[in-house]
Structures are given as structure tokens and as C-alpha cells.
DNA sequence: AACCAGTGTTAACGTGTGTTAACCGATTAG
DNA sequence: CTAATCGGTTAACACACGTTAACACTGGTT
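Chains as they are written, first to last, in the working numbering: chain A, 1 to 226; chain B, 1 to 226.
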């Protein structure tokens, strides 16, 4: 599965690391830079989808950096992290287009909310949600599974989601309880039975290619190998 | 020059007055209400362009109020003012669409930035109600659906509205009950059957391009993908 | 008034999806 | 070896949704 890549420019190492880790637990891919120049380089080489920029930074401050990047890409969402001392006028001038800002100190929840907010607005159909599974093509948004050039199989919503999570964690174990909570809302006996049924269904639908297998790891969960 | 009208719902008189005056110096027209019910009334009679709602209010809290108003208008920007105690989950659930939130205490600059931010966004989005759907062109005001250069298909009022909401939420799930309340006024058995019929009609009319599909999400609603 | 076309609702019936149950085999602890 | 547990499979089931057609209502036309 495609992780959204976020460029984080923050010169204070401790804070940068905390934010980075917090975002990573939320399943973002985070590129941490400790000054504006590095951030610009990283932006150009790694093409992140969203920027979180500290305003006060050595080498190149957040606003100047944003200006430079805006000259190349005027759509990418930018979130500024500002200290109290920053004058409001400057901030305001930048809060147009895909921009937002957060005043330090802020909670991680606030940052995550703003990130998701901005991402939702600029979200376009992600080609990366069409996944290749050996000889199968799995289009998650369309809930379609196609073996080679055969007639595509329409998956149900549940099937698609379950498969999606399996693929996301392919070749590593996906915990039962995790998926039960995510798709069914709670890990109880009945939901677990229901999930078994869906595993069976997916196995059948994936049976045309025997290099793909959904393996059970007793007591832990499932592992999709391919 | 046209002043933007903002509805401010805040039960604490002192704070409400401060916010009102600050916004007025920024050339906004402010309608101050000290509870949710009054705010709903004011909304209906005065048609403000943006809402600033305190979450904790007597009579009708900010979230409930927002839900009610969203049923009528799903585009109007809403900013919630939340106390620290508010759980982040609830807040997050509301920070979609035209919503944002501010945690108390906040500075006036912060509020003004967010207001301008949301106003700018909705302005851009509002420009065109002629929507492109893969190979189809959908002119919502004219209720016309055209596939490539073929003869345009005239949609009925209901069809156009239903499609409009699907398109607006494309690639994400549009809740059944939401649309039932918005288009039919209430979510009951018969309206639900009626809606099914319209989904069928739309599917037929959109069938020329099979990259467009209206997928059902059992128990939740529909997802238009394209 | 009688007719008609267009629109939306209701009804009847059919299909699809997810849950539950029943039964079974496999694995592991005692 | 035996019992307990976990997972696999199939089928039955309930109910959400799909489809078609008949019906009712509206407003316009003759």
C-alpha cells in the first residue's frame, strides 16, 4: 500500500524526532530535515505529498522555503509550525492556497487533523491503490480483482478491505485482532468466525495463481505471501 | 463592497463579544448567538457565509447544530471552538468537508487566519458547477449529463441532485441516511426504496463509461468511483 | 373535461452480502 | 492419547439492496 510521504523540516532534533515518530505510527512516511536547504533538496529528490515546515530554521527559513517550493508547485499542501513570537501578518500572508499553520506548542492530534484535512482536499485518484499481486491485479477503490486478462471478479466491500490489509502487510503477519477491530469494530467470537469465512472466500478467488497464498499463523493472524 | 457574514455561536458573553468585535474590525459582519437553537434560527433567516461554533453550548451543542445545518447545506465552512477536554476523536470526525477547529484558548489571529483560509477555499471550489466525470460532463444547474460528444441526456431534478452529491463525495462513501435526509427529508423505508430506484437509473445513465461506477457499501451508503 | 407526457413513489419480486451455525480437521497442551 | 482450542469449510439464513413495472400525481395541451 502506498504511504503518504511528508517532508518535515524542523531544526530542533528532539521535537523533529517526536513528530516524525508520531506521524510514522499514523502510517505516514516521514522525511526529516533539520534546515531549509536540506529540505529543498529533499523536496526535489523525493517528491513528498505534503510539507510540514518550521518557520524558524537555520540556512533557509520556512517561509522562504515555501516561496521557493511554491514557485515549482503551487498545489502542494504546506503546514507551518510557528513560535509565539512570529508576527501574525507574515503568517496570514502565507495561509492561502494549500497552506495552514500551527502554533507551538501543539498536540500531535492537532497536527494529524490538519494533515488529513489538507490531504483530503487535494486528494486525487491514487494510481498507487491499484496493486499487482503476482498474476493478479487488485484495484482496491474499484473492488476489482483480475487474473491476467480474464474476466475481472467484483469483490464485495468487506472482501476488498480485507484483501487490502493483507496486501499492505504482505509477507508479514497481519494480526487477527487488528483486522477485526479495523473492519468489524471489535474482536469477538462471532466476528472472528465471520472473518474466517471471508478468508475462505479470498483464498478461493485467489486460487488461480498458486504463488499467492494466505497462510494462517495460529494464534496470531494471517500472512499473505506472493 | 460586500461584507462576509459570519454566524458566531458562543454562550460565554464576554468571549462572544470580544470575538465579535475583533471580527468586525476585520470587516466581517458578525451575528452573535448565545445558544445552539438561536444559532439555527439565525442561520435560517440570515444565511451567513461561515459559521464559528462553540462546541459546548446550552440548548444545542455545536456538533449537533453543525449536523443539522450540514443536512441543509453541506458546503458552508464551519469552525468549531473546542475546550481542551473535548476528545480528539469527536473533533477529528468533524474536520472533514468545510470544517476546521480551534482549541481554546486561541488568539484572534489564529481564528482570522482560519476564517480566511476556509473562505478562500470555498470560493475557488464554487466557481463551477459543471463537473467532469471521466468521459461524462455533468452540468448540475442544467441537469444535463453528456457522454463525450453524444446527445446530452436530460436528468430529472432528483437524479441531478443525487448525482451531484455522489460526485461531490466521489471516491469516498456517501451515507445513505445523509442523502435520504437531504433529498427526501427523512430516512424511512419507502424513501430508501425510492432512492434505490434512482441509483439504478443513474447507473444506467452512467453505463457508457465503465470506469465510473456507483458501488454500494452495505449498511452505509454509496461510493462513486471514477 | 379528456388526454398526455413527465416525474417520482409504491409494490413485487429477485439477487447479493454478511452473519451465524454446524461440522470438521489440525495443532497443541497436559 | 485425549481434550481443548483454533481455524477451515459449507450451507442456511436474514436482510440490504437491485430491478422492473405499475401506479399516482402534476402540469400542460387540446
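We put the beta carbon where it would ideally sit given N, CA and C, even for glycine. Fair warning: this is a prediction, and the values are worked out from it, not measured in the lab.
Supposed contact pair residue 177/A and residue 188/A - C-beta distance, whole angstroms, cut 8 Å: Against the first chain, residue 188/A aligns to sequence position 188. Against the first chain, residue 177/A aligns to sequence position 177. 10 Å between Cβ atoms; not a contact.
Per DSSP, what are the beta-bridge partners of residue 223/B in this structure? The residue you call residue 223/B lines up with position 223 of the second chain. Per DSSP, 173/B, 215/B.
Could you give the first and the last residue of the continuous alpha helix (DSSP H) run that contains residue 202/B? As a working note, residue 202/B is residue 202 in the second chain. Counting along the chain, the alpha helix (DSSP H) containing residue 202/B begins and ends at 189-205.
Please go through the same chain and pick out, in chain order, the residues whose beta-carbon is closer than 6 Å to the beta-carbon of residue 213/A, but skip the five residues on each side of it. Here the question's residue 213/A lines up with position 213 in the first chain. 225.
From residue 70/B to residue 62/B, what does the alpha carbon distance come to, in whole angstroms? The sequence position of residue 70/B within the second chain is 70, counting from 1. The sequence position of residue 62/B within the second chain is 62, counting from 1. For residue 70/B and residue 62/B, the gap between their C-alpha atoms comes out near 12 Å.
Buried or exposed: residue 9/A, going by 16 or more other Cβ atoms within 10 Å of its Cβ? Taking the first residue of the first chain as 1, we reach residue 9/A at position 9. By the 10 Å Cβ count, residue 9/A comes out buried.
Closer than 6 Å by C-beta to residue 60/A: which residues in its own chain qualify, once you throw out the five before and the five after it? Chain order, please. In the first chain, the residue the question calls residue 60/A occupies position 60. Excluding positions up to five away in sequence, the list reads 36, 37.
Nearest-angstrom beta carbon gap, residue 220/B and residue 173/B [assumed within contact, 8 Å]: Looking up residue 173/B in the second chain gives position 173. Looking up residue 220/B in the second chain gives position 220. In this structure, residue 173/B and residue 220/B form a Cβ contact; the two beta carbons are roughly 6 Å apart against a cut-off of 8 Å.
For residue 165/A, go through chain B and note every residue whose CB falls closer than 7 Å to its CB, in chain order. Here residue 165/A is taken as the residue at index 165 of the first chain, counted from 1. Around residue 165/A, no beta-carbon contact reaches into chain B at under 7 Å, the shortest distance being about 16 Å.
If you draw a straight line from the C-alpha of residue 78/B to the C-alpha of residue 58/B, how long is it? The residue you call residue 78/B lines up with position 78 of the second chain. The residue you call residue 58/B lines up with position 58 of the second chain. Rounded to the nearest whole angstrom, the C-alpha separation of residue 78/B and residue 58/B is 19 Å.
Taking only beta-carbon atoms, is residue 218/B less than 8 Å away from chain A? Locating residue 218/B in the second chain gives position 218, counting from the first residue. Taking Cβ atoms only, chain A reaches closer than 8 Å to residue 218/B, which makes this a yes.
Euclidean distance between Cα positions of residue 129/A and residue 21/B: Along the first chain, one-based indexing puts residue 129/A at 129. Along the second chain, one-based indexing puts residue 21/B at 21. Going by the C-alpha atoms only, they are around 48 Å apart.
Which partner residues does residue 136/A have in the DSSP bridge list? The residue you call residue 136/A lines up with position 136 of the first chain. For residue 136/A, which the question treats as bridged, DSSP gives the partners 133/A, 147/A.
As a quick exercise: from 19/A, 50/A, 12/A, 13/A, pick the residue whose alpha carbon is nearest that of residue 6/A. The residue given as residue 6/A occupies position 6 in the first chain. Of 19/A, 50/A, 12/A, 13/A, the residue nearest in Cα terms is 50/A.
For residue 48/B and residue 12/A, what's the separation of their Cα atoms in angstroms? Taking the second chain and counting its residues from 1, the one referred to as residue 48/B is at position 48. Taking the first chain and counting its residues from 1, the one referred to as residue 12/A is at position 12. C-alpha separation (whole angstroms): 43 Å.
Taking residue 206/A as the reference, which of 103/A, 154/A, 108/A has the closest Cα? Within the first chain, residue 206/A is the residue found at index 206, counting from 1. Closest by alpha carbon: 154/A.
So residue 103/B is in the beta strand (DSSP E); what residue range does that whole segment cover? Working through the second chain from its first residue, we reach residue 103/B at position 103. Residues 99-103.
Residue 16/A versus residue 32/A: straight-line alpha-carbon distance, rounded: Position 16 of the first chain, counted from the start, is the residue given in the question as residue 16/A. Position 32 of the first chain, counted from the start, is the residue given in the question as residue 32/A. Taking the straight line joining both Cα atoms gives about 7 Å.
Beta-carbon neighbours of residue 152/A, restricted to chain B and to distances below 7 Å: Looking up residue 152/A in the first chain gives position 152. Residues of chain B with a Cβ closer than 7 Å to the Cβ of residue 152/A do not exist, since the nearest Cβ in that chain sits about 10 Å away.
Would residue 127/B count as contacting chain A if we go by Cβ distances under 8 Å? If you number the second chain from 1, residue 127/B lands on position 127. Its pLDDT being 45, under 50, residue 127/B is placed unreliably by the model, and the measurement read from it follows with that caveat. Not one chain A Cβ lies under 8 Å of residue 127/B.
Please report how far the alpha carbon of residue 105/A lies from the alpha carbon of residue 55/A, in whole angstroms. Counting from one through the first chain, the residue named residue 105/A turns up at place 105. Counting from one through the first chain, the residue named residue 55/A turns up at place 55. Those two C-alpha atoms are separated by around 13 Å.
Taking residue 46/B as the reference, give the member of 34/B, 53/B, 29/B with the closest Cα. Locating residue 46/B in the second chain gives position 46, where the first residue counts as 1. The residue with the shortest Cα to Cα distance from residue 46/B is 29/B.
Report the partner residues of residue 4/B according to the DSSP bridge assignment. The count along the second chain starts at 1 and reaches residue 4/B at position 4. DSSP output for residue 4/B lists 28/B as bridge partner(s).
Smallest Cα separation from residue 152/B: which of 193/B, 142/B, 163/B? Here residue 152/B refers to the residue found at position 152 when the second chain is read from its first residue. The shortest Cα separation from residue 152/B among 193/B, 142/B, 163/B belongs to 142/B.
Beta carbon of residue 163/B nearer than 8 Å to that of residue 202/B: In the second chain, counting from the first residue as 1, residue 163/B sits at position 163. In the second chain, counting from the first residue as 1, residue 202/B sits at position 202. In this structure, residue 202/B lies closer than 8 Å to residue 163/B by Cβ.
Secondary structure at residue 164/B, three-state DSSP: helix, strand or coil? As a first step, residue 164/B is located in the second chain; it is residue number 164 there, counting from the start. Residue 164/B: helix per DSSP, three-state reduction.
Can you check which of these residues, 183/A, 75/A, 171/A, 116/A, is closest to residue 161/A by C-alpha distance? As a first step, residue 161/A is located in the first chain; it is residue number 161 there, counting from the start. Closest by alpha carbon: 183/A.
Alpha carbon to alpha carbon, how far is residue 169/B from residue 132/B? Give it in angstroms, no decimals. Within the second chain, the letter at position 132 stands for residue 132/B. Within the second chain, the letter at position 169 stands for residue 169/B. If you take the alpha carbons of residue 132/B and residue 169/B, they lie about 14 Å apart.
For residue 190/A and residue 197/A, I'd like the C-alpha separation in whole angstroms. Numbered from its first residue, the first chain carries residue 190/A at position 190. Numbered from its first residue, the first chain carries residue 197/A at position 197. Roughly 11 Å separates the two Cα atoms.
I need the boundaries of the beta strand (DSSP E) containing residue 156/A, first residue and last residue. Taking the first residue of the first chain as 1, we reach residue 156/A at position 156. DSSP places residue 156/A outside any beta strand (DSSP E), giving it a letter other than H or E.
For residue 52/B, list the residues DSSP reports as bridge partners. The count along the second chain starts at 1 and reaches residue 52/B at position 52. BP columns for residue 52/B point to 8/B, 79/B.
Tell me the rounded alpha-carbon separation between residue 181/A and residue 175/A. Taking the first residue of the first chain as 1, we reach residue 181/A at position 181. Taking the first residue of the first chain as 1, we reach residue 175/A at position 175. Going from the Cα of residue 181/A to the Cα of residue 175/A covers about 10 Å.
When the Cα of residue 149/B is compared with those of 135/B, 68/B, 114/B, which residue comes out closest? Position 149 of the second chain holds residue 149/B. Answer by Cα proximity: 135/B.
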